[in-house]
Amino acid sequence: MDNGAVYNQTTELQREPQSKPCACACACTLHRLTPQRLLLKAAQALLSLLAFILEEIVESCILCGGLYFFEFISFSATFLSILILTVYCTSAYEKVEKDKLIKLDFWVTTVVGVLFFVASIVFAATSDKSSVETVAIVFGFFATIGFLADGIHFFMENRKVKENKVENTGNTQNTPENQPLNN
2 MDNGAVYNQT TELQREPQSK PCACACACTL HRLTPQRLLL KAAQALLSLL
52 AFILEEIVES CILCGGLYFF EFISFSATFL SILILTVYCT SAYEKVEKDK
102 LIKLDFWVTT VVGVLFFVAS IVFAATSDKS SVETVAIVFG FFATIGFLAD
152 GIHFFMENRK VKENKVENTG NTQNTPENQP LNN
């Protein structure tokens with residue numbers, strides 16, 4: 002009985018036919034971020050994009066250094082916030098190390114917030130006080146608040162988690178492992 006078909010069903014795993022890949026390879030999920038952080042991330046992207054668009058509408062400037070610095074920071078902030086939000090909400094999240102992503106997110110958010118604050122101040126100091134420039138500066142400060150609020154929120158969450166770990170592991174005197182053996 003050399004016929005392998007007799008034993009095929011009981012000795013070999015049957016592979017299910019592979020399903021066709023999903024037409025939407027970048028399926029989006031929002032459960033990796035808390036609702037507060039998701040709202041902050043979306044606000045960062047939207048406010049920095051609005052600041053960038055309004056800055057691009059400015060037709061003329063006398064002292065353009067502040068405008069160009071604001072343009073660079075607002076575009077970088079938009080790009081980085083959309084990139085980080087995309088990583089959190091797509092399958093790319095599964096391909097990166099979580100600890101490194103969390104650290105990167107914290108530092109990018111905080112540094113961009115500080116730079117956006119500086120750029121908004123510089124742009125406000127060097128602007129021609131046109132209405133479009135003023136609105137762009139306001140959105141720059143709003144985006145700054147969004148980035149810094151996210152950084153502070155993230156810092157407070159991590160501090161709370163670390164304090165809980167210390168409280169849970171700090172009282173180990175009464176555990177059975179630390180008790181003397183009965184002789």
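For what it's worth, our numbering labels the leading residue of the sequence shown as 2, then goes sequentially.
Ideal Cβ positions, reconstructed from N, Cα and C, are used throughout, including at glycine.
Let me make sure I understand the geometry here. Which of I74, T35, T30 has the alpha-carbon closest to that of L51?
Checked all of I74, T35, T30; the closest Cα to L51 is I74.
Determine the direct distance from the alpha carbon of A137 to that of T110, and round the result to whole angstroms.
The straight-line gap from Cα to Cα measures roughly 20 Å.
What is the DSSP secondary structure of T111, counted as helix, strand or coil?
DSSP places T111 in helix when its eight states are reduced to three.
Closest by CA to L81, which one among G114, L34, K130?
Measuring from the Cα of L81, the nearest candidate turns out to be G114.
Given that a residue counts as buried once 16 or more other Cβ atoms are within 10 Å of its Cβ, and exposed if not, what is A24?
With a pLDDT of only 44 at A24, under 50, the local geometry of the prediction cannot be trusted, and no value is derived from it.
Buried or exposed for L84, please, with buried defined as at least 16 other CB atoms from any protein chain shown within 10 angstroms of its CB.
Burial call: exposed.
Out of F70, A150, E164, point me to the one whose CA is closest to R38's CA.
Among F70, A150, E164, the Cα nearest to that of R38 is on A150.
Taking the beta carbon of E72 as the centre, do at least 16 other beta carbons fall within 10 Å, making it buried, or is it exposed?
With 16 or more other Cβ atoms within 10 Å, it is buried.
Report all residues from its chain with a CB closer than 7 Å to the CB of T30; omit the five preceding and five following residues, and keep chain order.
Excluding residues within five positions, the ones whose Cβ falls inside 7 Å are C90.
What are the boundary residues of the alpha helix (DSSP H) that Y69 is part of?
First-last of the alpha helix (DSSP H) with Y69: 66-90.
Quick check on DSSP: helix, strand or coil for V123?
Looking at V123 - three-state DSSP - the assignment turns out to be helix.
On the three-pair Cβ rule with 8 Å, is the region 57-66 touching the region 159-167?
Contact between the region 57-66 and the region 159-167 is absent, because fewer than three Cβ pairs lie under 8 Å.
Which residues in the same chain as V88 place their Cβ atom closer than 7 Å to its Cβ, once the five residues preceding and following it in sequence are excluded?
Excluding positions up to five away in sequence, the list reads Y94, V97, L102.
Quick test of your reading: T135 and F118, contact by CB under 8 Å. State the CB separation rounded to the nearest angstrom.
Not quite, the Cβ-Cβ distance comes to about 17 Å (not below 8 Å), so this is no contact.
Can you give the Cα-Cα distance for P22 and A43, rounded to whole angstroms?
Its pLDDT being 45, under 50, P22 is placed unreliably in this model, and the coordinates cannot settle the point.
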